[in-house]
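Structure record follows, encoded as C-alpha cells.
Protein chains: 2
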Amino acid sequence: MPVKVLDFWGSPFAARVRVALAEKGVSYESKEEDLLVGKSDLLLQSNPIYGKVPVLLHDDKPVLESSNIVYYIDETWPNPQLLPACSYGRSRARFWTDFIDKKVYDVGRNIWMGKGDEVEAAKDEFIDVLKKLEGALGDREYYAGDQFGFLDIIFVSLSCWFPTYEKYGGFMVEEETPTIAAWLKRCYSRETVAKSMPDSQRVIEFVGMMRKMHGIE
Amino acid sequence: MPVKVLDFWGSPFAARVRVALAEKGVSYESKEEDLLVGKSDLLLQSNPIYGKVPVLLHDDKPVLESSNIVYYIDETWPNPQLLPACSYGRSRARFWTDFIDKKVYDVGRNIWMGKGDEVEAAKDEFIDVLKKLEGALGDREYYAGDQFGFLDIIFVSLSCWFPTYEKYGGFMVEEETPTIAAWLKRCYSRETVAKSMPDSQRVIEFVGMMRKMHGIE
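If you're matching them up, the sequences are chains A and B in order.
Per full-length UniProt numbering, the very first residue in the first sequence carries number 1; after that it's consecutive.
Per full-length UniProt numbering, the very first residue in the second sequence carries number 1; after that it's consecutive.
What follows is the structure, given as C-alpha cells:
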C-alpha cells in the first residue's frame, strides 16, 4: 500500500510526520506543496476542511492533522511502539499533545508577527509554556520514560522554529529552560530527527520574508 | 478501583463523561463543583494547567479534558467498544473530535455572548459548522455506522446547549440541518444519553444569568 505525504519543507507539523515515518522505517513519497504559489488540487481535495499540510495518503485514503497522523502511523505500523503501552500513559500523551497543539506554534507566531508590546507579552507567554512542558518532562530522559516516543515527536518537531522565536523575542531557550534544551539535544542526536527537520537558518530566512509580506519590517 | 468525576451539571463536556460511563455500565461518584462560588482544592490540584471540569479520577489518578477522558474510558473498560475497530476509522473519529472541540462550543458562546452584528456572524458560522458535521454524518445512522459510538458521544453532549443558541441566534437546528436533528433524536432515545444530559431549559436560565453577570442584558 503506497504511502504519500503532502509536505512542506518548513512546516514543523509536516516534520512530525517525517520523524514518525523515519522511526518506523516506512518509505514514502513526499509531494512538496508550494504554499506561496498555491495549493495543489490533491491537497484541497484531500483536506477540504482546512486545506493544510501535512496530509498522509495511505493507499489513497487521507489522514489529516499532524498529531492525528502520528497516532495513525503508530497504530498502523506497530514497531517500534511510540505511544505508551498503558491507557493512563496514552491519556497523558494525548493531554500534552493537545496542550502543545494549542500553545507552542500560535504563541510563537505572536512573537515574530507581533508589534511593539505584543512581542514582549508573547515572549513571556512562550517561556511560560516551555516551563510547563519542562515540568511535564520532569527528570525523565524522554516524555514517557527512557524511550524516545510519541510526545517527544510531537514536541521536538516544533523546535525547528525556536531559533526564530529566540531571534525576534530576544531570549534563549537554553537559559530559560535548560532541561528542555538538554532534552532537545538528546532528540536531535537521533538520525530520524536530525534528517527530518528543516534547517533552522532557512526557517529564519523564510520568516523574514513572511514579515516583509505582512508589512512588519 | 474507585471512579470519581469532578462534575458540573450544566457542562456539556462533563456530560460526555457521564454518557460514556453510562454506556460502559461503570458506576462512579459524581462530585459537583460550584463554579460560581469557587473551585474545589481537589479540582485545582487535579487539573493545575486548566482548572476545569470534567476530571476523571480513576484510583485517584486524574485524567483530564473531556474527549481525552472518553478515549481513556473506552480503552480502560472495553465493552461495548466505542471507538471504531480499524485504525483509519479511529483517525477519522479523532479528526472530527478535534473539529468539534475547536468549533461547536466556542462559536455557540459567540452567539449568546455576542453583541449586535457579532451575533448574526456567529449564527452563520455555527450553521456552517453544523452543515460540515452533517456532511461527515452522511447517510449513516451514527457517525461510525449503525452503532452509537465515540464520535456520537463527543457531539451529542454539546447539543444540550443548542436550544440556548437557537434562542439567542434566532434559528432552528431542525430547519438548517434536518439530518443532524434526526440523528439527535436517535441519540436521545438512548437512556444513557437522556439521563446524562442537563435539562436544556435549566441551561437557558443559567445562560440568562450569565448574560446579566456580563452586562449583556
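C-beta: ideal position from N, C-alpha, C; glycine also.
Here's the rule I'm using: 16 or more other beta-carbon atoms within 10 Å means buried, otherwise exposed. How should residue i be labelled?
{"i": "Val70 of chain A", "result": "buried"}
{"i": "Asp7 of chain A", "result": "buried"}
{"i": "Asp169 of chain B", "result": "In the sequence as displayed, the identity of residue 169 of chain B is Gly instead of Asp. Buried: at least 16 other Cβ atoms inside 10 Å."}
{"i": "Ala194 of chain B", "result": "exposed"}
{"i": "Arg18 of chain B", "result": "buried"}
{"i": "Asp34 of chain A", "result": "exposed"}
{"i": "His58 of chain B", "result": "buried"}
{"i": "Glu32 of chain B", "result": "exposed"}
{"i": "Glu23 of chain A", "result": "buried"}
{"i": "Pro80 of chain B", "result": "exposed"}
{"i": "Leu36 of chain B", "result": "exposed"}
Whose CA, out of the options, lies closest to the CA of residue i?
{"i": "Leu151 of chain A", "options": "A:Ile111, A:Val26 and A:Leu133", "result": "A:Leu133"}
{"i": "Pro84 of chain B", "options": "B:Phe126, B:Gly145 and B:Asp41", "result": "B:Gly145"}
{"i": "Ser87 of chain A", "options": "B:Val173, B:Thr164, B:Ser189 and B:Lys61", "result": "B:Lys61"}
{"i": "Ser200 of chain A", "options": "A:Glu29, A:Ala93 and A:Ala15", "result": "A:Ala15"}
{"i": "Trp112 of chain B", "options": "B:Arg186, B:Cys160 and B:Lys167", "result": "B:Lys167"}
{"i": "Val156 of chain A", "options": "A:Ile127, A:Val119, A:Asp124 and A:Ser196", "result": "A:Ser196"}
{"i": "Asp101 of chain A", "options": "A:Gly114, A:Gly215, A:Leu82 and A:Ser159", "result": "A:Ser159"}
{"i": "Gly38 of chain A", "options": "A:Val129, A:Tyr165 and A:Val53", "result": "A:Val53"}
{"i": "Tyr188 of chain B", "options": "B:Ala121, B:Gly114, B:Phe148 and B:Asp106", "result": "B:Phe148"}
{"i": "Ile154 of chain A", "options": "A:Lys115, A:Glu174 and A:Ala93", "result": "A:Ala93"}
{"i": "Glu191 of chain A", "options": "A:Ser40, A:Leu21, A:Pro12 and A:Phe13", "result": "A:Leu21"}
{"i": "Phe13 of chain B", "options": "B:Asp41, B:Ser66, B:Leu56 and B:Leu42", "result": "B:Ser66"}
{"i": "Trp183 of chain A", "options": "A:Ser40, A:Met209, A:Gly135 and A:Ser30", "result": "A:Gly135"}
{"i": "Glu29 of chain A", "options": "A:Met1, A:Phe99 and A:Ser91", "result": "A:Met1"}
{"i": "Val63 of chain A", "options": "B:Phe95, B:Asp41, B:Leu42 and B:Met209", "result": "B:Phe95"}
{"i": "Ser91 of chain B", "options": "A:Val55, A:Asp41, A:Lys185 and A:Met213", "result": "A:Val55"}
DSSP beta-bridge partners for residue i?
{"i": "Glu32 of chain B", "result": "B:Asp7"}
{"i": "Val63 of chain B", "result": "B:Leu56"}
{"i": "Gly145 of chain B", "result": "B:Tyr142"}
Can you give me the Cβ contacts of residue i inside the same chain, cut-off strictly under 7 angstroms, excluding the 5 residues immediately before and after it?
{"i": "Phe171 of chain A", "result": "Lys123 and Ile127"}
{"i": "Lys131 of chain B", "result": "Thr177"}
{"i": "Gln118 of chain A", "result": "Gln is not the amino acid found at residue 118 of chain A; the sequence shown has Glu there. Excluding sequence neighbours, Glu118 of chain A sits near Asn110."}
{"i": "Thr164 of chain B", "result": "Trp112, Val203, Ile204 and Val207"}
{"i": "Val129 of chain A", "result": "Lys103, Val104 and Val107"}
{"i": "Arg211 of chain B", "result": "Trp112 and Glu217"}
{"i": "Glu125 of chain B", "result": "Val107"}
Among the residues of its own chain, which have a CB less than 6 angstroms from the CB of residue i, if the five just before and after it don't count?
{"i": "Gly10 of chain A", "result": "Pro198, Val203 and Phe206"}
{"i": "Asn68 of chain A", "result": "none"}
{"i": "Val173 of chain B", "result": "Phe162 and Ala181"}
{"i": "Thr97 of chain B", "result": "Ser67 and Ile154"}
Which same chain residues, not among the five before or five after residue i, have their C-beta less than 8 angstroms away from its C-beta?
{"i": "Val26 of chain A", "result": "Val3, Ile73 and Trp77"}
{"i": "Gly89 of chain B", "result": "Leu83 and Ala144"}
{"i": "Lys115 of chain B", "result": "Ile216"}
{"i": "residue 221 of chain B", "result": "The question about residue 221 of chain B has no answer, for chain B in this structure spans 1 to 217."}
{"i": "Gly51 of chain B", "result": "Lys39, Leu43 and Leu44"}
Any chance the region 126-140 of chain A sits against the region 172-185 of chain A, with 3 or more Cβ pairs inside 8 angstroms?
-> Short answer: they touch.
Would you call the region 36-51 of chain B and the region 73-84 of chain A in contact, with 3 or more CB pairs under 8 angstroms?
-> The answer is no - the region 73-84 of chain A does not touch the region 36-51 of chain B, with fewer than three Cβ pairs under 8 angstroms.
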